[in-house]
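Numbering of the sequence shown is given in the numbering used here, commencing with residue 8 and proceeding in unit increments.
All residues carry an ideal CB built from backbone N, CA and C; glycine is no exception.
Heads up: the structure comes next, in structure tokens.
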Amino acid sequence: MPTVVDVHAHYLVPEVYAVTAPHSIFNRVPPDATEQARRAAEERAQRVIARMADHAERLAAMDRMGVDVQVLSPSLVHQDSGFADAQTALELCRRTNDALAAAVATAPGRYRGLGMVPLHHPDLAAAELARCMEELGLSGVTIPTRAGGHEIGEAPLWPFWATAQRTGAVVFVHPAGNPDPRLARYMMWNSLGQCMEETFAIASLFYDGVLDAYPELRICISHGGGYMPYNFGRVSRNYVEKPLTRRNMTRPPEAYLRMLHYDSCLYDPVTLNHLVARMGADRVLLGSDYPMGEADPVGFLAAAGLDEAARAAILGGNAARLFGLKG
């Protein structure tokens with residue numbers, strides 16, 4: 008059995024969250040919620056926040072789940088810095104990354120870390136990414152699906168991508184939440200909006216030319232890549248029939264999708280099977296979305312009925328290669 012690696016596990020720094028909380032979509036109660044529902048949501052939120060900062064609880068949960076290593080990443084839904092001015096955003100990111108590096112050092116055999124950067128200020132983001140890799144010993148960073156009014160593949164953000172390729176950083180793309188009022192009811196920002204954001208992010212990576220400009224990027228998309236891997240037939244059709252869509256592309260959309268990695272946090276074994284069939288087992292990594300998501304990621308993978316080689320790759324073989332893990 009390979010070392011089991013969970014690449015989608017959230018971390019929170021309480022001192023940073025105290026600053027970011029008023030700007031977090033996590034704290035927005037749906038306008039249609041009853042008072043009872045509001046109280047229940049607030050109670051759940053407090054439990055989630057506490058678990059992200061509690062290492063004893065985290066390590067115990069990992070043991071229960073059969074997870075050997077968690078890749079910790081700041082929860083951007085809770086503590087994204089995109090609302091802040093350049094200096095404040097950088098300070099929030101640096102405080103988070105310093106705390107994260109210290110946390111990883113407390114359990115180096117159990118944790119790896121992905122920092123956060125002020126992506127809406129690309130030059131600062133590039134510099135902080137370099138610091139994460141070269142000074143703090145982190146494995147990369149997590150970024151939101153858009154920043155400063157730009158999709159993540161647009162040219163103003165390319166200084167970040169250039170540094171990501173140069174340093175060999177793993178970039179974990181995870182939405183900070185979509186504030187569109189249309190998604191406010193029923194918490195659709197979470198049930199639908201997160202996957203919409205991931206779909207837009209992947210589209211930007213190939214439509215805006217990032218994956219051609221920086222072909223050695225090491226990118227993982229959360230929640231199985233949003234909706235893109237499951238309904239890209241129309242994108243492929245437009246690539247053939249509408250030349251305008253491919254002006255920055257040198258290959259079909261399917262080829263770009265195979266350049267990315269995806270986590271397994273899909274909650275449905277049939278959907279996971281489809282992801283593996285379309286992208287290949289070598290592009291899928293185990294992800295739980297701890298502490299909010301899949302309570303039994305190893306059991307969920309077993310329920311998908313994949314063959315032994317695919318299970319071993321997803322459980323940890325692929326992550327070992329991507330993150331340079333040994334043993």
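Report the residue from the options whose alpha carbon sits nearest the alpha carbon of residue i.
i: alanine 28; options: His268, Asn197, Gln53; result: Gln53
i: methionine 266; options: Leu279, Asp219, Ala91, Tyr237; result: Asp219
i: histidine 268; options: Pro259, Arg285, Pro276, Arg254; result: Arg285
i: threonine 252; options: Ser82, Tyr214, Gly287; result: Tyr214
i: valine 305; options: Pro21, Arg71, His17; result: Arg71
i: glutamate 141; options: Glu161, Thr170, Ala262, Pro276; result: Thr170
i: aspartate 187; options: Tyr18, Ala16, Val20, Pro38; result: Pro38
i: valine 178; options: Leu19, Met8, Leu329; result: Leu329
i: aspartate 296; options: Glu158, Ile159, Ala47, Val180; result: Val180
i: alanine 288; options: Glu301, Ala309, Leu313; result: Leu313
i: glycine 216; options: Leu199, Ala110, Tyr263, Ala302; result: Tyr263
i: asparagine 238; options: Phe307, Met203, Ser198; result: Met203
i: aspartate 303; options: Glu49, Thr278, Met69; result: Met69
To which residues of the same chain is residue i closer than 6 Å at the C-beta, ignoring the five residues directly before and after it?
i: glutamine 86; result: Val23, Tyr24, Thr27
i: serine 88; result: Ala96, Leu99, Cys100, Pro125
i: valine 242; result: Pro260
i: glycine 184; result: Ile32, Val84, Trp196
If I measure Cβ to Cβ from residue i and keep anything under 7 Å in the same chain, skipping five residues before and after, which residues do I get?
i: glutamine 201; result: Pro182, His230
i: proline 129; result: Pro163, Leu164, Pro166, Phe167
i: alanine 108; result: Gly120, Leu143, Gly144, Leu145
i: glutamate 223; result: Gln172
Check the C-beta distance from residue i over to residue j and give it rounded, since I have them as a contact under 8 Å.
i: serine 80; j: threonine 149; result: 4 Å
i: valine 78; j: methionine 299; result: Not a contact, Cβ separation roughly 16 Å.
i: methionine 256; j: tyrosine 246; result: 7 Å
i: serine 31; j: methionine 59; result: That pair is no contact at about 13 Å.
i: valine 20; j: alanine 93; result: Actually they are not in contact, since the Cβ atoms of valine 20 and alanine 93 sit about 20 Å apart, beyond 8 Å.
Checking 8 Å against the spacing of the C-beta atoms, do residue i and residue j come in under that value?
i: alanine 327; j: valine 11; result: no
i: alanine 311; j: proline 276; result: yes
i: leucine 66; j: alanine 114; result: yes
i: arginine 138; j: glycine 175; result: no
i: tyrosine 342; j: valine 76; result: Since the displayed the chain opens at 8 and closes at 334, residue 342 lies outside it and no answer follows.
i: glycine 324; j: histidine 15; result: no
i: histidine 157; j: alanine 110; result: no
Would the beta-carbon of residue i be found less than 7 Å away from any heavy atom of the ligand COA?
i: valine 291; result: What this structure holds is no ligand at all, so the ligand COA is not there to describe.
(message) Under 8 Å, with one C-beta from each stretch per pair, do the region 320 to 329 and the region 101 to 111 reach the 3-pair mark?
(response) No: the two stretches stay apart, fewer than three of their Cβ pairs being nearer than 8 Å.
(request) Report yes or no: do the region 147 to 162 and the region 207 to 217 share at least 3 C-beta pairs separated by less than 8 Å? (result) yes
(request) Could you tell me whether the region 224 to 238 touches the region 269 to 278, using the rule of 3 or more Cβ pairs below 8 Å? (result) yes
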